[in-house]
């Protein structure tokens, strides 16, 4: 009985001797965003901005969301999760409405937390290339070049996630200039 009590006693993890804190601390995204990442779902980049972090802090003291549970569906399975992990923020902005500098910072945070959520390295690498090609695309030099690039990024990343789930994934880092051009004409 004493051994059983000792086994159930909470334990603190140890640390790596000689290691120190990272040079830059990245604010953690909301539980909702982390849940989306852990299930490899599409999540808007706003959830990886400072605005989301402040929104989460602002509302976390006002509710008992971590103590309230709801039902969440992943593929054909139902899961019981905390409400904080399944509720979207009412302040969320679509990706194409983010200012371009915030989009760039958010994608860095997104990639970091996707890595922590154990996304396959191949997927992380192609996403990093995708974002890099968009960040350096020549159309950004045009007066309204950011809007079409952001719209392209939103539409393509959403499609990529849907196609991956359906088993028809593709290399997102290959920019479809025809599609980008048609988006530029529309925007």
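Residue numbers (our numbering): 376 to 562. C-beta atoms are modelled at their ideal positions from N, C-alpha and C, and glycine is treated no differently.
DSSP, reduced to helix, strand and coil, places residue 517 outside both helices and strands of the structure shown, so it counts as coil. In the structure shown, the three-state DSSP call for residue 524 is helix. Contact between residue 492 and residue 499 does not hold, since their C-beta atoms are separated by about 10 angstroms, which reaches or exceeds 8 angstroms. In terms of Cβ geometry, residue 473 and residue 525 form a close pair [threshold 8 angstroms].
Residue 384 is classed as exposed because its beta carbon has fewer than 16 other beta carbons within 10 Å across all chains shown. Comparing alpha carbon positions, the residue from 509, 537 and 560 closest to residue 550 is 509. Distances from the CA of residue 522 to each of 544, 560 and 536 were compared; the closest alpha carbon is that of 560. The DSSP-derived three-state label of residue 398 is coil.
The alpha-carbon separation between residue 495 and residue 421 amounts to approximately 23 angstroms.
Within the same chain, 418, 488, 489 and 492 come within 7 angstroms of residue 412 by CB-CB distance, once the 5 residues on both sides are set aside.
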